[in-house]
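I have placed the structure first, in the form of structure tokens, so that the comments after it can refer back to it.
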Amino acid sequence: MNMDFAWIELLFLMMSLINFRMLGASQLGSVINFVALQGILLALLPLTTASQLSPEVFSVILLFFVLHGLLMPWLLRREIRPSSDQRETRPIVGLTASMFVGVLLLGAAFYVSHPLMRSYPAVAGTLALPASLFTFMSGLFLLVARRMVLLQVLGYLIMTNGILAFGVTFVVYNPLLVESGILLDLFPLFLLLQGLHESDTVIYHGGEGDKS
Amino acid sequence: MKWLYLLLILTPFLCGVLCLLRALSSARTMLQFFGALFVALIAVLITAENLRGRNALDADGLLSWFGPDNLGLVFMWIVVLIYVAVVGHLLSTKKIRDDEDTSDDPAAKKGFTLDREALYPACLSLSAAMIFLCVFSRHLGMIWMAMLLAMLLTVPLIATGKEGRRRYLLLCAVAGAIILSGNFLLAGSFGSNHVELKCDALCRMARLLDPVWLRAGCLCMLVGYGTILGLFPMHGWVMNVCSSPNANMAAYISGTLSTCALLAILRVYTLLVASGQGGFATDILLLLGLLTVCAAGVMMILQLDYKLLLACSSLSAAGVACIGFTVGAGVMSLLFVMGHALVKTALLMLSGNIAACAGSSAITEACGIGVKRPTTSLLLLFGVFCVTCFPPCILFYSEFAIVLWLFVFAFGHPYICILFLAGMFLAACGLIRGVMIMVYSPPRSARIIAARLIAEKPSVIWPALLIAAAVLLGIYLPPSLTALMVSAAAEVGLQ
Chain A
308 MNMDFAWIEL LFLMMSLINF RMLGASQLGS VINFVALQGI LLALLPLTTA
358 SQLSPEVFSV ILLFFVLHGL LMPWLLRREI RPSSDQRETR PIVGLTASMF
408 VGVLLLGAAF YVSHPLMRSY PAVAGTLALP ASLFTFMSGL FLLVARRMVL
458 LQVLGYLIMT NGILAFGVTF VVYNPLLVES GILLDLFPLF LLLQGLHESD
508 TVIYHGGEGD KS
Chain B
64 MKWLYLLLIL TPFLCGVLCL LRALSSARTM LQFFGALFVA LIAVLITAEN
114 LRGRNALDAD GLLSWFGPDN LGLVFMWIVV LIYVAVVGHL LSTKKIRDDE
164 DTSDDPAAKK GFTLDREALY PACLSLSAAM IFLCVFSRHL GMIWMAMLLA
214 MLLTVPLIAT GKEGRRRYLL LCAVAGAIIL SGNFLLAGSF GSNHVELKCD
264 ALCRMARLLD PVWLRAGCLC MLVGYGTILG LFPMHGWVMN VCSSPNANMA
314 AYISGTLSTC ALLAILRVYT LLVASGQGGF ATDILLLLGL LTVCAAGVMM
364 ILQLDYKLLL ACSSLSAAGV ACIGFTVGAG VMSLLFVMGH ALVKTALLML
414 SGNIAACAGS SAITEACGIG VKRPTTSLLL LFGVFCVTCF PPCILFYSEF
464 AIVLWLFVFA FGHPYICILF LAGMFLAACG LIRGVMIMVY SPPRSARIIA
514 ARLIAEKPSV IWPALLIAAA VLLGIYLPPS LTALMVSAAA EVGLQ
């Protein structure tokens, strides 16, 4: 693995800072913008971690840029209605408390990644593992700590950004495995395209003998 | 033999695609049924080839990612039986369904458009194809992909409204993400060497993997697949799916997905044992299994909803299966999984019949069902006694053996046995109590009192066949099935 440590540190530092920004944000539009920025940073990661820019690695970059940097944010922005409130008004965990939880999660990420980094000398002492773990945990926290479905979807996207950042850093020699991670995007895509984020007004019966 | 595996995956896939065609709208159920029968025929051929000692595990390239070992064959049969029964039940209840759709409840038909009608059988068949792909995969990445697609394709089958489907979707998405992170960690345990995540290759090289990364990866996979299996405290989706008005689909989804998840857990377990970290895997599965059995027991004794009661029974069985494998009772655990899949599918189908009569899934609303639906009630009683391990059902022998193995395994730790037995006792009491109230209490709700007696035959054929199969397996276990189970258990390193 031929890593450009200065760039990789910078990218992961920016991803971590974006996580803090999103933990403290309630405006849907601003969170979407930051998720898009994080998606673009994710797409840039293989440039610093891959030993050479092969077509497979280039396809990973292109896929992540299009899906996480452009398509998903565009789909989410499309769902914001001008008439409705674009702000999370009653989060399960308040915004200030979320920032505090973020600090705890960052500490937990460093603590958990310490034994893993010890047995991986190539990345020991870098931010790669703790930052991707922090991104994963921040996303998971947003998923459970917000009431708005769109913010939950954004939390899920942040979580997948963390997993894919980890994959791009440590498994970039196996691009097929990393690319398979885009299948995770099928869930939010399905949710948005099926309109499952909207309120439950339509009765649907699957068509079986029993009904209630 | 390889083409037989591909045919087994392609048959439901083609059925699913054909169901989307508008020209075949009137023949969808029939098409699915014959597709399912063809799948069963291919399963017989695959088993016969396997018994003759011919398998295709020595292929190269992409094809080496597929092909079941004996363990895969056992799980293939469980999925085939559930699939055929569910499709058969759909066909046999079609007449009742058509009558109900033309007679009452216009609100129920509000979302039942032609597109929905096509989507419903198509998703059923396509998800079955993905489940078979998952069963035949010998590559951890491929297992993950197939499982993910199967979960996604089952979302339209859930009839609990948008809220229910959204919750199911998000939980599946999180489980999928955790499993993927496990795959990445496992791939990272090779350092910077490029190695595929094929189960056989991993087991051969298991001792060379970095133990910390391997444990972290396997832990993520056990948690992710444990979520899909329905282990406590990640069991929410099972309750959500089983409380769905569409009981037939609840039986299909909870039966097939949890079966595949258990197979994936056994693949991970095998890897951990091969790497010399079997103790780590045993501790985690034993803890999760014991927690699940106890929590399910407590939930069942407090439960007032018969569909959720059956959901809790599924949780309890998942816990028992995990404990069975960890204490070393491999063959008996496989028999338990097979027997429970048959009886649970039957019980969920019967719960659909009761819901259609009572109009509610509350136990109190379904009181008096024994008078209005006598055959359904009789089968329900049979099924409940089977699932609570009364002889001569196969579940009695298998669970009895698991308890004995547990006593030997946990010698010196009596609290493990006490907790397990307490959980099982509470579960049995809760289930029998709930069903007895429903069957033997006088009718209370106006809907039950007004319900007319109908010919129940079409809606009880498949549940009766499934329960009979579980009982017959308890009376006579074919030697070929025993041999298959023994070799399957040996592949996991168990007896």
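First to last, the protein sequences are chains A and B. Start counting the first sequence at 308; every next residue gets the next number (the working numbering). Start counting the second sequence at 64; every next residue gets the next number (the working numbering). We put the CB at the ideal spot given by N, CA and C, even for glycine.
- For residue 364/A, the uninterrupted alpha helix (DSSP H) segment begins and ends at 362–371.
- Residue 371/B sits close to residue 302/B, with the two beta carbons spaced by under 8 Å.
- As a beta-bridge residue in DSSP terms, residue 129/B pairs with 200/B.
- With respect to residue 204/B, residue 260/B sits close: the two C-beta atoms are nearer than 8 Å.
- In this structure residue 497/B is not in contact with residue 359/B, their Cβ atoms being roughly 14 Å apart against a cut-off of 8 Å.
- Using a CB distance cut-off of 8 Å, residue 468/A does not count as an interface residue toward chain B.
- Contact between residue 406/B and residue 458/B holds, with the beta-carbon distance rounding to 7 Å and staying under 8 Å.
- Using a Cβ distance threshold of 8 Å, residue 330/A and residue 401/A do not count as a contacting pair.
- Along the length of the region 245–313 of chain B, whole alpha helix (DSSP H) runs at least 4 residues long occupy 262–267, 274–292 and 299–305, reported in chain order.
- At a cut-off of 8 Å between C-beta atoms, residue 208/B counts as an interface residue with respect to chain A.
- Under a criterion of Cβ atoms nearer than 9 Å, no residue of chain A is adjacent to residue 303/B; the nearest Cβ is some 14 Å distant.
- Residue range 341–365 is occupied by the alpha helix (DSSP H) that includes residue 346/B.
- Residue 393/A sits in coil when the DSSP states are folded into three classes, being neither helix nor strand.
- Looking only at 129/B, 133/B and 243/B, the smallest Cα-Cα distance to residue 115/B is reached by 133/B.
- In this structure residue 396/B touches residue 384/B by the C-beta definition: roughly 6 Å separates them, less than 8 Å.
- Its chain contains no residue whose beta carbon lies nearer than 7 Å to that of residue 553/B once the 5 sequence neighbours on both sides are disregarded.
- Taking CB atoms only, residue 422/A has a neighbour in chain B less than 8 Å away.
- In this structure, DSSP gives residue 359/A a state outside helix and strand, which the three-state scheme calls coil.
- Not a single CB atom of chain A sits nearer than 8 Å to the CB of residue 551/B.
- Counting of Cβ neighbours within 10 angstroms places residue 435/B among the buried residues, the total reaching 16 or more.
- For residue 418/A, the closest Cβ of chain B is not nearer than 8 Å.
- About 7 Å separates the Cβ atoms of residue 327/A and residue 406/A, confirming a contact at the 8 Å cut-off.
- If you compare the alpha carbons of 403/B, 210/B and 334/B with that of residue 555/B, the shortest gap goes to 334/B.
- CA-CA distance, residue 354/A to residue 348/A, rounds to 10 Å.
- If you check each beta-carbon in the region 190–204 of chain B against every beta-carbon of chain A, the ones closer than 9 Å belong to 204.
- Secondary structure of residue 332/A (DSSP, three-state): coil.
- Short of 6 Å from the beta carbon of residue 326/B, and not among the five residues preceding or following it, lie these beta carbons of its own chain, in chain order: 138.
- The beta carbon of residue 235/B is closer than 6 Å to those of 214 in its chain, skipping five residues each way along the sequence.
- For residue 425/B, the secondary structure class from DSSP, reduced to helix, strand or coil, is strand.
- Counting C-beta atoms within 10 angstroms of its own C-beta, residue 472/B has 16 or more neighbours from the protein chains shown and is therefore classed as buried.
- Residues 216, 219 and 220 of the same chain have their beta carbon placed closer than 6 Å to that of residue 186/B, with the five preceding and five following residues left out of the count.
- In chain order, 402 and 457 place their CB closer than 7 Å to the CB of residue 536/B, counting only its own chain and leaving out the 5 sequence neighbours on each side.
- At the C-beta level, residue 398/A and residue 339/A stay beyond 8 Å of one another.
- Under a criterion of Cβ atoms nearer than 8 Å, the residues of chain B adjacent to residue 459/A are, in order, 233.
- The Cβ atoms of residue 533/B and residue 449/B lie closer than 8 Å to each other.
- For residue 368/B, the pairing in a beta bridge is given by DSSP as 425/B.
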